[in-house]
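These notes are about the structure you will find just below.
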Amino acid sequence: MQWTEGDRYIHYLVCNFSANVIEGQPVYTAAASGGMGCTTKDTTYESLCLT
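Per our numbering, the very first residue in the sequence shown carries number 109; after that it's consecutive.
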């Protein structure tokens, strides 16, 4: 979403995130490249895993 206030453009960005968060388990993990731990990768966005 974008609007102006006076002579300034204001941008409002929202990221909706949902996960099955388990206490003590990280949501993200470091890897040499995106999608390394995927069993099956998304064909369009190879850094994303399919379930």
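Glycine residues also receive a C-beta, built at the ideal position from the N, C-alpha and C atoms.
All of these numbers come straight from a predicted model, not from anything done at the bench.
Three-way DSSP call (helix, strand, coil) for residue i in this model
{"i": "isoleucine 130", "result": "coil"}
{"i": "tyrosine 120", "result": "coil"}
Start and end residues, beta strand (DSSP E) containing residue i
{"i": "threonine 112", "result": "110 to 113"}
Residues that residue i bridges to, as DSSP identifies them
{"i": "cysteine 146", "result": "BP columns for cysteine 146 are empty, so no partner."}
Own chain residues within Cβ distance below 8 Å of residue i, not counting five before or after
{"i": "glycine 145", "result": "Thr137, Ala139, Cys157"}
Proximity to residue i [Cα-Cα], best of the options
{"i": "valine 122", "options": "Ser141, Glu154, Gln110", "result": "Gln110"}
{"i": "serine 141", "options": "Tyr120, Gly114, Tyr153, Asp115", "result": "Tyr153"}
7 Å CB neighbourhood of residue i in its chain, flanking five on each side removed
{"i": "valine 135", "result": "Ala127, Val129"}
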